[in-house]
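Numbering follows full-length UniProt numbering, in which position 121 of the sequence shown is assigned residue number 121; successive positions increment by one, without gaps.
Written below as structure tokens is the structure these notes are about.
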Amino acid sequence: MALACGAGQALATTFGVAMTLPVASTPRLHDSLEEHARARSLLLRFAYAPEGAAEQQIAQVRDLIAAKVDALLVVPVRPAVTAAITRLAREADIPLVYINDGPREDWLAGRVALVIPNDLVAGRLQMRKLAQMMHGTGRLAILSGRPDEAGSILRTRGIKEVMAEFPGLQLVAEGAADGERRTAGTLVSGWLAEGTAIDAIAASNDAMAIGAADAVEASGLPAGRILIGGIGAIADAMQAMQQKRLAVTLHQDATLQGRRAIDDALALIAHRPVPQYDWVPFTLVTDRISTMQFSK
């Protein structure tokens, strides 16, 4: 664990932060939490766990509660951890704010808030842009993520909802690539090798979108021949977009997530009302780096 933001202030309000290692998709969130905590004279006590290390993160949350932090901020390393973490926070009567991902339930007992993007909206927005670029007609393939992740399920549902609005769109291939670049590349390579004609690929994250672009390139097709959409706006995706390998992605504002998480935790400590789902809007990004705010 690491103590940040002025360890000498023994009486300062302290938040325990359990999150994935701040690499790839989370460094901006990590920095935002530190920045907004510092501005409010708060202490942050970080505990890091690798992606997928559910038992390790649950043990870290127990340790943070035992250390008597005033609130918990959690970026789940796996969907399976949320039930145990929510129960631990409720039993300890400690405020809990999930960031970026969390349980999708109508109501959660205890002082719980979720600062997360609306994944159903993400899928809708991505597909609507792809449909626009396809002029409402063509052959579509879908790459979905892990079957146990609510976010991936909702993104794929959003894609299919919008697809159903366009009679000229035809679903020609669909597969689960577990959110991974290499798995997505293997799937798309197989489709192309079988002779499946594809005009666009909707992927529920950027890693899979880039994997799809790798497969398209390896097949000898020119960049941009198949329109590919991702979600996340990670650095590799932005570079791929400038190379015309990706057509669209969606940006999640990690700075805004950090600020809202800090503010919601403070409100929960004071027993003030907080929206259980504090939705963070996505921003659409195309190869021209044009953006459109979307919050519905």
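Even for Gly, the Cβ is constructed at its ideal location relative to N, Cα and C.
Quick one, which of the options has its alpha-carbon nearest residue i's?
i	options	result
F282	A54, G230, F46	G230
F15	A173, I210, P95, P147	P95
A67	L44, S32, A54, A39	L44
D264	Y277, Q252, K244, A254	Y277
L130	R272, D101, L227	L227
L72	I58, A80, P79	I58
Q132	M163, N205, R40	M163
A200	A92, D93, L143, I262	L143
E174	L221, A84, T183	T183
R260	A12, R40, T20	R40
A54	R62, G168, P79	P79
L250	Q242, A237, G220	A237
A84	A193, V97, V61, I262	V61
S219	L21, A235, A247, T186	T186
T20	G110, V121, Y48, E165	Y48
F166	R181, L268, H135	H135
V69	D93, V81, A150	D93
T26	R272, T255, A267	T255
A122	R104, V97, V115, R155	R155
V172	T196, Y98, S152	T196
A269	L33, G110, V280	A quick correction: the sequence has Ile, not Ala, at residue 269. Taking only the C-alpha atoms, the option nearest I269 is G110.
P148	V115, L266, D206, T82	Correcting the residue identity first, residue 148 is Asp in this sequence and not Pro. Ranking the options by Cα distance to D148, first place goes to T82.
V216	D206, G190, P273	G190
R181	I210, I153, D106	I210
V17	F46, L114, L33	F46
D31	R245, V274, Q257, H271	Q257
For residue i and residue j, which I take to be in contact (beta-carbon distance under 8 angstroms), what is that distance rounded to the nearest angstrom?
i	j	result
I198	R139	5 angstroms
A233	V285	6 angstroms
G102	P76	6 angstroms
N118	L29	Not quite, the Cβ-Cβ distance comes to about 17 angstroms (not below 8 angstroms), so this is no contact.
A141	V112	Not quite, the Cβ-Cβ distance comes to about 37 angstroms (not below 8 angstroms), so this is no contact.
M208	G158	That belief does not hold up - the Cβ atoms of M208 and G158 are roughly 15 angstroms apart, past 8 angstroms.
A213	A240	6 angstroms
I262	A37	6 angstroms
G179	G224	Contact flag wrong, Cβ pair sits at about 24 angstroms.
What three-state label does DSSP hand residue i in the structure shown?
i	result
L221	coil
S204	coil
H271	coil
G230	coil
G102	coil
G211	helix
I198	coil
T86	helix
A109	coil
Check the DSSP bridge columns for residue i and list the partner residues they point to.
i	result
L114	Y98, Y277
G16	R45, L72
Please check if any C-beta of chain B sits within less than 8 angstroms of the C-beta of residue i.
i	result
P103	Note that chain B does not occur in the displayed structure, where there is just one protein chain.
**Contained beta strand (DSSP E) runs [length at least 3] in the stretch 37–83, N- to C-terminal order** = 43–49, 71–74
**Asked** For the stretch 129–193, which segments carrying the alpha helix (DSSP H) assignment without a break, of at least 4 residues, lie completely within its bounds, in sequence order?
**Response** 150–163, 181–193
**Prompt:** Considering only residues of the stretch 242–269, which uninterrupted alpha helix (DSSP H) runs meet the minimum length of 4 residues and lie entirely inside it, listed in chain order?
**Reply:** 254–269
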